[in-house]
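> Under this note's numbering, the first residue of the sequence shown is numbered 1, with each subsequent residue one higher.
Just so you know, even glycine gets a beta-carbon here, dropped at the ideal spot from N, CA and C.
Just so you know, these numbers come straight off a predicted model, no measurement behind them.
Let me begin by handing over the structure; questions about it come next.
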Amino acid sequence: MNDIYNRKVLAYFKKPKYYGKIQRPDGLGKVGNLVCGDVMWLYIKVGQRKDKRGKNEEYIKEAKFETFGCVAAIASSNAVCQIVRGKSIAEALKLTKGEVINDLGNLPPVKIHCSVLAIDALREAVYNYLKKNKKIIPPELKKQHQLIEKNQKLLQKRYKELF
């Protein structure tokens, strides 16, 4: 395993700092990959603060995850939670797989889909938060949710107890 993953990825896997549930989360994203079997749940707590111009903005106060999957899936989930803590909702939605991979120090090409899945979990958590609170959902986020939702129906059939 040490030949495939670097030290940081292994550290995030062995002792993920952000693993766990948030009681009464503001948003919860549930995603999975039918091919590899990874399932991710990402929880967020949202806070309010003033931005640099003195306007109110919402930000991700806390992020945690539960991932049932491989080393790269767990490490990617941990990285996403670490990166987005303290970011505004708008900034968090701009997170890219490149940023996640950079935070991890690298991922084998065959495992890059794990970073994308973790970002999908984050976006679903934000979508869930915005929808529950009757806030405006950006069109791109709505479109991504619709694609993920189709996949979730298939996942629900396969992993009933997780969805």
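(1) With a CB to CB cut of under 7 Å and the five nearest residues on each side skipped, what residues in its chain are close to V84?
(2) Compare the Cα-Cα distances from S77 to each of K30, P109, K131, S88 and report the closest residue.
(3) Thinking just about the alpha-carbon of each residue, which of C114, Y127, E149 is nearest to the one in A90?
(4) Please determine, among K131, A118, N6, the residue with the shortest C-alpha to C-alpha distance to G27.
(5) Let's see if you can read the secondary structure: which residues bound the beta strand (DSSP E) around Y59?
(6) To the nearest angstrom, report how far apart G20 and L141 are at their CA atoms.
(7) Let me check understanding here. Comparing Cα to Cα, which of G32, I119, G86 lies closest to Y159?
(8) Looking at the secondary structure, which residues open and close the alpha helix (DSSP H) in which V116 lies?
This is what the structure holds:
(1) I60, A63, A92, L95, L122
(2) K30
(3) Y127
(4) It is K131.
(5) 56-68
(6) 25 Å
(7) G32
(8) 112-132
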